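Engineer: Numbering (the numbering used here), first residue to last: 35 to 242. Built from N, CA and C at the ideal position, the CB exists for glycine as well. Please read all numbers here as calculations on a predicted model, not as lab measurements.
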Ligand SMILES: C[S@@+](CC[C@H](N)C(=O)[O-])C[C@H]1O[C@@H](n2cnc3c(N)ncnc32)[C@H](O)[C@@H]1O
C-alpha cells in the first residue's frame, strides 16, 4: 500500500517535470523562430529596400521604350529593377546594344541569365544582384525604369549625378517630379490598355 502510494507520488513528479520541460522547449522554439524571422526581415528592409513589386513590362511596350530612346548598337542600356531581363535582352537582340540588368531578387537574376542564354545574347548582357539605390550607372548611355514615382524620385539625384550629358532615361508609366521630360509618348498597347513612356536627357545638371 505504502509502496503503491510512493510510486504514484514519484509518477506525479515525473509527469510534472515532463510538463515543465516541454513548456521550456516550446517557448525556446517559438523564440528561435521569431528571432530568425526578425533578423531576415530587418536585413532585407535595411540593406536592400524593395522599391517596387515585380510586374513585367509587356513586350510591345518594351519595344516602344527602346525605340523612344533611339537605342543603337553603341548604347549601353541599364535596366534598374530588371525583372526577367526582357528590356536589356531585347536591346541586345534587336539593336546589338550592350546591357546590364540589376535586380534585388536573386530568382529574377537567375531567370534573366537563363533568358539571355536562350536568346543567344549572353555575351552582350550581364545581370547583377543588388540594390539599385547603391548602383554605379556611370557606364550607361540609356537607363530604363519601370518602378513607381517615389522610387524614380529617389533615383533622380543618382542618375543626374552619374550619367554623362546626352544619356537618356526612359520610364514606363511613372514620371520624375519636376524634371521635365524631353518626350512623352502616350499610346494604347497590344491589349488596348493606355500606356505612357517618358524620356529625359541628362544635361549635366544635378537634380536633387
Ligand atoms: C515593375 S518590375 C519591372 C521589371 C522590368 N524592368 C520590366 O519592366 O519588365 C520592378 C523590379 O524592380 C525590382 N526591385 C525593387 N526594388 C529594388 C531595389 N531596391 N534594387 C533592385 N531591384 C529592385 C523588383 O524585384 C522587380 O523585379
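Starting from residue 95 and walking both ways along the alpha helix (DSSP H), at which residues does that stretch end?
Structural biologist: Within the chain shown, numbered from 1, the residue matching residue 95 stands at position 61. It spans 93 to 102 - the alpha helix (DSSP H) in which residue 95 sits, taken as one unbroken run.
Engineer: Decide if residue 25 is buried, meaning its Cβ has at least 16 other Cβ atoms within 10 Å, or exposed.
Structural biologist: Examination of residue 25 is not possible in this model, given that the chain is present from 35 through 242 alone.
Engineer: Here's a check: name, in chain order, each residue in its chain whose Cβ is nearer than 8 Å to the Cβ of residue 97, leaving out the five neighbours to either side.
Structural biologist: Residue numbering aside, residue 97 sits at position 63 when the chain shown is read from its first letter. Cβ within range, chain order: 124 and 128.
Engineer: Would you mind listing the beta strand (DSSP E) stretches within the region 135 to 192 that are 3+ residues and don't spill past its ends, in chain order?
Structural biologist: Runs found: 159 to 163 and 176 to 179.
Engineer: Starting from the C-beta of residue 235, find all residues in its chain whose C-beta is less than 7 Å away, skip the five residues before and the five after it, and write them out in chain order.
Structural biologist: Along the chain shown, one-based indexing puts residue 235 at 201. Excluding residues within five positions, the ones whose Cβ falls inside 7 Å are 200, 202 and 216.
Engineer: For the alpha helix (DSSP H) containing residue 121, list its first residue and its last residue.
Structural biologist: As a first step, residue 121 is located in the chain shown; it is residue number 87 there, counting from the start. Unbroken alpha helix (DSSP H) run through residue 121: 120 to 129.
Engineer: DSSP three-state label for residue 229, please.
Structural biologist: Within the chain shown, numbered from 1, the residue matching residue 229 stands at position 195. Note: residue 229 maps to strand in three-state DSSP.
Engineer: So, for residue 86: in the same chain, excluding its five sequence neighbours on each side, which residues have a beta-carbon less than 8 Å away from its beta-carbon?
Structural biologist: In the chain shown, the residue the question calls residue 86 occupies position 52. Within the same chain, residue 86 has close Cβ partners 115, 180, 181, 182 and 185.
Engineer: Is residue 165 near ligand 1, going by C-beta to nearest heavy atom under 6 Å?
Structural biologist: For this step, residue 165 is matched to residue 131 along the chain shown. Yes.
Engineer: Name the two residues that bound the continuous beta strand (DSSP E) containing residue 114.
Structural biologist: Indexing the chain shown from 1 puts residue 114 at position 80. Segment 110 to 114, the beta strand (DSSP E) holding residue 114.
Engineer: So, with DSSP's three-state summary, where would you put residue 220?
Structural biologist: Taking the chain shown and counting its residues from 1, the one referred to as residue 220 is at position 186. Looking at residue 220 - three-state DSSP - the assignment turns out to be strand.
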